[in-house]
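Novice:
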Amino acid sequence: MASMTSPRRMVASALFVVLLLLVASSVCPCCAEMGTTRVAEARHCVSQSHKFVGSCMRKSNCENVCKTEGFPWGECRFHGIVRKCYCKRLC
């Protein structure tokens, strides 16, 4: 009678394989995309908001301020230890 592998060991092995695949696809993205057509992505130009005041905690607040500055998007990013509002548009 063949010995059965414990469920814990099987789960650990499966997680290891998934982790290995994730690492491999991030290290060599071209390997993960073999056989697919690459499409050029549009570049985003980013500028720190001139009107946003204070620490940026909500993306929606940042986006609203950026829209008043003529940008379609905005996002909070760390600038040192402080989160600032950065406005984005297609270049």
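Throughout the sequence shown, residue numbering follows mature numbering (1 follows the signal peptide of the UniProt record, and there is no 0), covering -32 to -1, 1 to 59 in sequence. All C-beta atoms in this analysis are idealised placements derived from N, C-alpha and C, irrespective of residue type, glycine included.
#1: Quick check: V33 and G42, are their CB atoms within less than 8 Å of each other?
#2: How far does the alpha helix (DSSP H) with K27 in it reach, from first residue to last?
#3: I need the straight-line Cα distance from M25 to M(-23), nearest angstrom please.
#4: Can you name the residues that DSSP bridges to R57?
#5: Does DSSP put V21 in a helix, in a strand, or in coil?
Specialist: Straight from the coordinates:
#1: Here the question's residue 33 lines up with position 65 in the sequence shown. Here the question's residue 42 lines up with position 74 in the sequence shown. Yes; because the gap between Cβ atoms is below 8 Å, this pair is in contact.
#2: Counting from 1 along the sequence shown, the entry for residue 27 is found at position 59. That run of the alpha helix (DSSP H) goes 27 to 36.
#3: Against the sequence shown, residue 25 aligns to sequence position 57. Against the sequence shown, residue -23 aligns to sequence position 10. Whole-angstrom Cα-Cα distance: 42 Å.
#4: Your numbering for residue 57 matches position 89 in the sequence shown. Looking at the DSSP assignment, R57 forms a beta bridge with C13.
#5: Along the sequence shown, one-based indexing puts residue 21 at 53. Of the three classes helix, strand and coil, the one that applies to V21 here is coil, per DSSP.
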